[in-house]
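Let me begin by presenting the structure, written as structure tokens, before commenting on it.
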Amino acid sequence: MKSGFVRSALPSSVRYFEAIGNPLRGCGAWRNALCPFHGDTRPSLRVRVETGAFRCMVCGIHGGDVLAFHMRRTGKRFADAARDLGAWA
Ligand SMILES: [Zn+2]
């Protein structure tokens, strides 16, 4: 059996950020969270709920989904990060 990335198994952005103790705040299509990539004291990270795309309004870090965020946060490579998130079969 071929193994690989299963995008549909990625957690939602809401679930992912809750799981790492940094829940999304606010409501609407874009929400806020603390940015772990600079000394954030107010939620500067904007996260698009539907896709998990993110952008920090202070340090400028950005990416397209929770996997990209997880890779940045942990320094893990694609496959290891996908495994962490249950999206590697
Ligand atoms: Zn930042």
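Position 41 of the sequence shown, counted from 1, bears residue number 167 in our numbering, the numbering being contiguous throughout. The C-beta atom is built at its ideal place from N, Cα and C for all residues, glycine as well.
Between residue 185 and the rest of its own chain, which residues show a CB-CB distance below 6 Å, the 5 nearest in sequence each way excluded?
The residue labelled residue 185 in the question sits at position 59 within the sequence shown. Excluding sequence neighbours, residue 185 sits near 163 and 164.
From the DSSP output, in three-state form, read off residue 198 for me.
Taking the sequence shown and counting its residues from 1, the one referred to as residue 198 is at position 72. Of the three classes helix, strand and coil, the one that applies to residue 198 here is helix, per DSSP.
Which class does residue 155 belong to by DSSP, given the choice of helix, strand or coil?
As a first step, residue 155 must be located in the sequence shown, where it is residue number 29. Under the three-state reduction of DSSP output, residue 155 falls in the coil class, being neither helix nor strand.
Quick one: what does DSSP say residue 203 is sitting in, helix, strand or coil?
Reading the sequence shown from its first residue, position 77 is the one you call residue 203. Looking at residue 203 - three-state DSSP - the assignment turns out to be coil, as it is neither helix nor strand.
Out of curiosity, what's the CA-to-CA distance linking residue 171 and residue 158?
Translated into the one-based positions of the sequence shown, residue 171 becomes position 45. Translated into the one-based positions of the sequence shown, residue 158 becomes position 32. Whole-angstrom Cα-Cα distance: 5 Å.
Does the beta-carbon of residue 163, which I'm using as the reference point, lie nearer than 6 Å to any heavy atom of ligand 1?
The residue labelled residue 163 in the question sits at position 37 within the sequence shown. Set against 6 Å, the gap from the CB of residue 163 to the closest heavy atom of ligand 1 is smaller.
Just the C-alpha distance for residue 194 and residue 150, rounded to the nearest angstrom, thanks.
The count along the sequence shown starts at 1 and reaches residue 194 at position 68. The count along the sequence shown starts at 1 and reaches residue 150 at position 24. Using only the alpha carbons, I get a separation of about 17 Å.
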